[in-house]
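One line per chain: the protein sequences are B and W, in this order. For the first sequence, the residue numbers in numbering that gives the first Met the number 0 are 0 to 357. For the second sequence, the residue numbers in numbering that gives the first Met the number 0 are 0 to 357. Even for Gly, the Cβ is constructed at its ideal location relative to N, Cα and C. None of these values were measured; they are calculated from a predicted model. The structure under discussion appears below in the form of structure tokens.
Number of protein chains: 2
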Amino acid sequence: MKNIIIAVDAMGGDNAPANVLQGLALSAVRHPEASFLLYGTQSLIEPFIKNIPELTNKYTIIHTDTMVSMDEKPSVAIRQKNSSMALAIEAVRDGQAHGVISGGNTGALMALSKLRLRMIAGIERPCLASLWPTLHGECVVADLGANITACSEELVDFSIMASEYARIIFDKKNPIVGLLNVGTEEMKGNEIIKNAATILTEKQSDYDFGYYGFIEGSDICKGTVDVVITDGFTGNIALKTAEGVAHLIGQYLKGALLSSFFSKIGAFFAKKSLMAFKDKIDPRKVNGGVFLGLNGIAVKSHGGADDIAYAAALDLAIDLAKGDIINAIKEKIAQKQQHCSQKLPVTTIENDDIPKTA
Amino acid sequence: MKNIIIAVDAMGGDNAPANVLQGLALSAVRHPEASFLLYGTQSLIEPFIKNIPELTNKYTIIHTDTMVSMDEKPSVAIRQKNSSMALAIEAVRDGQAHGVISGGNTGALMALSKLRLRMIAGIERPCLASLWPTLHGECVVADLGANITACSEELVDFSIMASEYARIIFDKKNPIVGLLNVGTEEMKGNEIIKNAATILTEKQSDYDFGYYGFIEGSDICKGTVDVVITDGFTGNIALKTAEGVAHLIGQYLKGALLSSFFSKIGAFFAKKSLMAFKDKIDPRKVNGGVFLGLNGIAVKSHGGADDIAYAAALDLAIDLAKGDIINAIKEKIAQKQQHCSQKLPVTTIENDDIPKTA
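Pasting the structure below:
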């Protein structure tokens with residue numbers, strides 16, 4: 000089995016490094032092929048990690064006292080040399096690690112990753128992709144907020160990249176892609192999304208995914224498609240709205256089960272099943288946003304992640320590294336560029352034939 | 000007490016007129032001041048309604064055989080003379096009713112309402128507003144899909160109109176308005192939303208609402224504000240995503256409570272509380288979208304609404320009529336126009352001082 004090395008920003012997140020190291024322990028048991036480069040304050044990491052037998056001989060600590068704070072502006076963070084986040088990213092750039100994970104400042108992680116890892120040739124902007132629970136399992140949703148707008152071509156790029164993600168994680172040969180819209184009819188939506196639909200319809204087979212068509216918000220949880228594509232503004236609001244709804248229902252249910260003597264008895268008998276239910280809607284299990292489009296795997300864990308959540312994000316980084324997602328995306332994007340350059344002269348000739356209006 | 004007359008498209012919706020008439024019965028008990036003009040096929044309505052004692056002397060049937068089908072294009076629907084939907088809307092236009100309700104084709108209802116009722120002077124586009132459950136009760140969210148884009152001024156108009164809605168329904172003197180965005184910091188979001196924020200900050204007191212600032216998707220259910228404002232594309236996707244999440248969690252919970260012998264016993268004991276829980280997340284209770292910005296109250300009920308859901312939408316139409324929402328909005332918009340025209344000469348002079356670029 001191929002050895003996988005993950006660079007870890009051990010100082011990133013609200014409870015770092017404790018939650019990070021405990022998360023590593025959980026993931027290490029599931030992934031004996033993985034080892035870790037830990038960037039952070041040695042005196043904080045070492046005493047803790049020595050008491051975690053699961054991690055014996057699995058890690059190297061690279062000491063740095065500098066760290067990016069959670070409320071630092073990305074523009075300031077990129078000027079901080081030797082932060083645990085920057086060094087971890089550089090390990091991927093320099094070929095010392097297969098991927099990087101951080102629970103730190105999201106904006107800083109994106110800015111630093113873009114700067115150090117650079118974009119894959121042919122990709123203008125990265126997108127943030129994550130798993131989303133559905134009636135049938137999970138789907139990939141992108142962009143969840145790496146950008147606040149997206150043009151048609153970018154929505155197509157997101158589709159290509161998120162499909163590679165889905166292919167690896169779901170082990171599906173031809174993932175199905177849907178464009179998030181306000182209705183499923185072809186006439187619905189703005190010009191950007193309609194143009195993206197036209198390109199996806201035409202090009203789907205070139206990139207080994209199936210284009211389903213437009214989907215609505217309710218289709219995300221239904222599991223209508225494997226990959227949901229939208230712009231970062233809508234995607235971020237959909238994600239956070241969903242989190243809010245799940246929390247609200249959880250609070251309602253808690254209130255209901257504690258509301259009377261009989262309901263408490265009921266909750267007692269149903270406890271095991273209710274725990275399984277809680278486990279199923281546990282957002283920690285789908286923790287881990289991936290910045291797709293970069294020349295390296297960069298995974299963002301929630302800042303408030305505990306060990307279980309952190310391990311889920313780490314599992315993702317390891318699985319994507321095993322699936323060699325970066326080369327898979329590069330291959331598809333190279334294909335796209337070939338199509339574009341082949342098409343370019345034809346388009347020019349056609350354009351010359353069309354009389355220019357205004 | 001002021002008598003309220005509601006024009007009812009008795010043929011609109013999947014189970015019309017049965018669900019419509021049963022819904023009327025539920026609402027009539029709660030609103031003794033209300034009576035109804037029923038538009039539709041007399042032979043279908045009359046035998047049914049005669050057996051509903053709650054509606055005795057509360058209604059007039061205006062017969063028509065024409066109705067707008069659920070999948071009719073709005074452009075076709077507006078040319079159908081004498082449809083039950085068109086006639087019901089015209090009753091509001093002609094001052095015979097205080098509001099109209101339909102469970103029929105949404106696009107047709109919006110197109111016909113815009114055409115027959117026309118926009119309030121000073122409003123360019125209507126928005127679709129609806130109640131949304133929160134930890135503290137409910138909030139108003141707009142636009143839920145009347146438009147697919149919105150400029151800054153339109154987001155401000157939506158804020159003014161939806162605040163009047165909130166003032167009446169929540170009986171709050173100064174409702175709090177938030178703009179839905181991808182973060183709460185001032186620098187977040189696109190130019191449209193940032194400009195809207197600037198205008199709202201400046202003008203909030205003129206319109207008797209408080210501007211909270213940017214909110215995130217998770218704030219909707221938290222009940223951070225009374226009024227959530229967004230463009231129709233994002234709002235529609237947020238709404239449908241939320242519906243999908245609620246359905247998914249409901250399915251998970253059902254599965255959990257039926258998964259074992261003990262969980263079934265638990266569900267039996269907790270039945271009453273679980274029913275109350277189900278009732279609380281029941282989307283029927285917040286049924287009823289209102290097209291704000293029209294010269295009349297137009298309420299859309301879900302097409303698949305049963306009697307409880309239909310009655311909720313009808314309650315809303317009656318409450319908004321009692322609160323005289325149309326005149327409340329007109330007053331605020333007239334104020335806005337006064338501000339604009341007062342400002343106009345100043346702006347023109349300033350503009351002349353600025354050298355034109357490009």
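The three-state reading of DSSP puts I328/W in helix, counting H, G and I together.
Here the stretch 201–218 of chain B makes no contact with the stretch 149–165 of chain W; the two share fewer than three CB pairs at distances below 8 angstroms. Here A141/W is bridged, per DSSP, to A128/W and I228/W.
The beta-carbon of H246/W is placed less than 8 angstroms from the nearest beta-carbon of chain B.
Within 10 angstroms of the beta-carbon of M274/W lie fewer than 16 other beta-carbons, which makes it exposed. Neighbours of C220/B in chain W, taken as residues whose beta carbon is under 8 angstroms from its own, are T240, G243, V244, H246 and L247 in chain order. Pairwise C-beta distances place the stretch 80–93 of chain W out of contact with the stretch 309–320 of chain W, as fewer than three of them are shorter than 8 angstroms. Within chain B, the residues whose beta carbon sits less than 8 angstroms from that of V181/W are G144, I147, G231, F232, N235 and I236, listed in sequence order. For N173/B, the CB contacts under 7 angstroms within the same chain, skipping 5 residues up- and downstream, are D207, F208 and G209 in chain order.
For a cut-off of 8 angstroms, the C-beta gap from K270/W to E163/W is around 41 angstroms, too long to register as a contact.
Residue pairing of K299/W in beta bridges, as defined by DSSP: S101/W and G288/W. A Cβ of chain W is located within less than 8 angstroms of the beta carbon of L134/B. V155/W carries a helical assignment under DSSP once its states are collapsed to helix, strand and coil.
Shown here for M118/B: same chain residues with a beta carbon closer than 8 angstroms to its own, the five before and five after excluded, namely R124, P125, G292, L293 and N294 in chain order. Close to chain B, meaning a Cβ-Cβ distance shorter than 7 angstroms, are the following residues of the stretch 144–174 of chain W: G144, I147 and T148. Excluding its 5 nearest sequence neighbours in each direction, N235/W has C-beta neighbours in its own chain below 7 angstroms: L143 and G144, listed in chain order. With fewer than 16 other beta carbons inside 10 angstroms of its own, A120/W counts as exposed.
The C-alpha of K239/W is placed about 5 angstroms away from the C-alpha of S217/B. Contacts between N189/W and chain B, judged by CB atoms closer than 8 angstroms, involve I147, T148 and F232 in chain order. Contact between A33/B and A76/B does not hold, since the beta-carbon distance rounds to 27 angstroms and is not under 8 angstroms.
Using a Cβ-Cβ cut-off of 8 angstroms, I264/W counts as an interface residue toward chain B, since at least one Cβ of chain B sits closer than that to its own. Between S259/W and S272/B, the gap from beta carbon to beta carbon is short of 8 angstroms. P132/W counts as buried, since at least 16 other C-beta atoms from the protein chains shown sit within 10 angstroms of its C-beta. Neighbours of G216/W in chain B, taken as residues whose beta carbon is under 8 angstroms from its own, are N235, I236, A237, L238, K239, T240, A241, E242 and G243 in chain order. Of all alpha-carbon atoms in I324/W, A297/W and K321/W, the one lying nearest the alpha-carbon of V99/W is that of A297/W. Taking CB atoms only, K271/W has a neighbour in chain B less than 8 angstroms away. For L315/B, the enclosing alpha helix (DSSP H) starts and ends at D306 to K321.
Under DSSP, D8/W forms a beta bridge with Y38/W and S101/W.
Between G11/W and K202/B, the alpha-carbon positions lie close to 41 angstroms from each other.
By the rule that beta-carbons nearer than 8 angstroms mark a contact, Y251/B touches chain W.
Nearest Cα to C138/W within the set N2/W, L54/W and C220/W: C220/W. Looking at A333/W, A128/W and L247/W, the one whose alpha-carbon comes closest to that of I168/W is A128/W.
Leaving aside the five residues that flank V19/B on each side, the residues in its chain whose CB is nearer than 7 angstroms to its CB run, in chain order, V7, A9, G12, G102 and Y309.
A residue is called buried when at least 16 other Cβ atoms come within 10 angstroms of its Cβ; H301/B meets this threshold and is buried. At a cut-off of 8 angstroms between C-beta atoms, F213/B does not count as an interface residue with respect to chain W. Around the beta carbon of V28/B, a 10 Å sphere encloses fewer than 16 other beta carbons of the protein chains shown; the residue is thus reported as exposed.
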